[in-house]
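Each step along the sequence shown adds one to the number in our numbering, with nothing skipped, and position 35 is 35.
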Amino acid sequence: MVASIIILSIREIIMIKINSFSSFFVANWKLNGDFKFIDQFLDNLQVPSDNSKCIVICPTSTYLDYIRHKKNNFYVGAQNVSEHEKGAYTGEISCNALSDLNIDFCILGHSERRQLFNETSTDVSLKSSKVIEFKIVPIVCIGETLEEKENGKTNNILSQQLEDSIPVSSNSDNTIIAYEPVWAIGTGLTPTLEEINKTHQFIKNHNTKFENFKVLYGGSVNANNANEIVSLSNVDGALIGGASLNYDDFTKIIKD
Ligand code: 13P
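This is the structure:
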């Protein structure tokens, strides 16, 4: 009891100040990596000394503890968490467990979770509100499918996902939004720069509440296109899948 009070109060002191960073580069390793991979990746990764950039690595959950002990100018994030604090939920991971490991970020509502594991925006909102209680920053993912885009429904879908996935307790100090068009994930396809900037503007203008939120772009970000995407006026960083598994590519992305 006393120990958990101390841990919680330490977390309060070291809670990440999102607004102190100019850009975010979040590596989503998905279901990839093992000890050998992590050792090799971290031995070769060159993190810029410029600490206005926030670098976050999100490994599979079993490696969170290992990687947080090797932190060196980067933060560690989880890829998912349970909305339940404890109980009969076999296979789940709690916010308390993430907090015990001093995990600072948690990706929530990734399209793979929505599509393959049937997560709804309501689930995402419950999870987001729970991680915020534990002083962990949710990176809430939203994005349209190709069919929705082709039917001109992108903005409607994003509006609905924003309204239903972002909890009342979210604000620009405790929550990050990631726009990831589903059709751009792992396909090598991206929207045009103009489309990305416009969509991010739409997200920020959707509700005055979102005006100051950091909005990251994800979907086929690589060493060649990251710089021009992150330089867009309404883009505050990138959420990177495939290219974050290659230390040379990821080093280039975060250095540029
Ligand atoms: P890719 O960068 O492989 O397209 O994946 C994006 C993604 O899903 C990050 O969360």
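The beta-carbon is built from N, C-alpha and C at its ideal position, and this holds for glycine as well.
Looking at the structure shown, is residue i part of a helix, part of a strand, or coil, going by DSSP?
{"i": "N44", "result": "helix"}
{"i": "I157", "result": "helix"}
{"i": "L239", "result": "strand"}
{"i": "V124", "result": "helix"}
{"i": "K86", "result": "coil"}
{"i": "I229", "result": "helix"}
{"i": "K204", "result": "helix"}
{"i": "K130", "result": "helix"}
{"i": "F25", "result": "strand"}
{"i": "V56", "result": "strand"}
{"i": "I136", "result": "coil"}
{"i": "A178", "result": "strand"}
{"i": "I166", "result": "coil"}
{"i": "I142", "result": "strand"}
If we ignore side chains and look at the alpha-carbon of each, how far apart do residue i and residue j end up?
{"i": "S170", "j": "Y179", "result": "17 Å"}
{"i": "T120", "j": "K153", "result": "18 Å"}
{"i": "S159", "j": "K198", "result": "14 Å"}
{"i": "G208", "j": "G186", "result": "For the sequence presented, residue 208 should be read as Thr rather than Gly. Roughly 32 Å between the two C-alpha positions."}
{"i": "S49", "j": "W183", "result": "34 Å"}
{"i": "A223", "j": "D100", "result": "34 Å"}
{"i": "K135", "j": "N212", "result": "19 Å"}
{"i": "C95", "j": "S111", "result": "21 Å"}
{"i": "I139", "j": "K70", "result": "22 Å"}
{"i": "T251", "j": "L232", "result": "20 Å"}
{"i": "I18", "j": "S172", "result": "8 Å"}
{"i": "V131", "j": "N155", "result": "27 Å"}
{"i": "G218", "j": "A238", "result": "6 Å"}
{"i": "D256", "j": "E147", "result": "34 Å"}
{"i": "I13", "j": "K149", "result": "Here the model assigns I13 a pLDDT of 45, short of 50, so the residue's position is not dependable, and the following value carries that caveat. Answer to the nearest angstrom: the Cα atoms are 43 Å apart."}
{"i": "T190", "j": "I176", "result": "21 Å"}
{"i": "V215", "j": "K36", "result": "33 Å"}
{"i": "D104", "j": "I67", "result": "13 Å"}
{"i": "A88", "j": "E228", "result": "47 Å"}
{"i": "N205", "j": "C106", "result": "24 Å"}
Mind checking which residues open and close the beta strand (DSSP E) that includes residue i?
{"i": "F105", "result": "F105 to L108"}
{"i": "I18", "result": "No beta strand (DSSP E) holds I18; DSSP gives it neither H nor E."}
{"i": "L257", "result": "Outside the shown range of the chain, which is 1 to 256, sits residue 257, and nothing can be said about it."}
{"i": "Y75", "result": "Y75 to A78"}
For the alpha helix (DSSP H) that contains residue i, what are its first and last residues?
{"i": "N96", "result": "C95 to D100"}
{"i": "S111", "result": "S111 to L116"}
{"i": "Y247", "result": "Y247 to K255"}
{"i": "E150", "result": "L146 to E150"}
Report task. For the region 53 to 72 and the region 23 to 37, state whether three or more C-beta atom pairs, one from each stretch, are separated by less than 8 Å. Result -> yes
Requested in this report: Decide if the region 38 to 56 is in contact with the region 232 to 250; the criterion is three or more beta carbon pairs, one per stretch, under 8 Å apart.
Outcome: These segments touch.
Query raised in the report: Using 8 Å as the threshold, is the region 107 to 121 in touch with the region 72 to 83, meaning 3 or more CB pairs across them?
Result: yes
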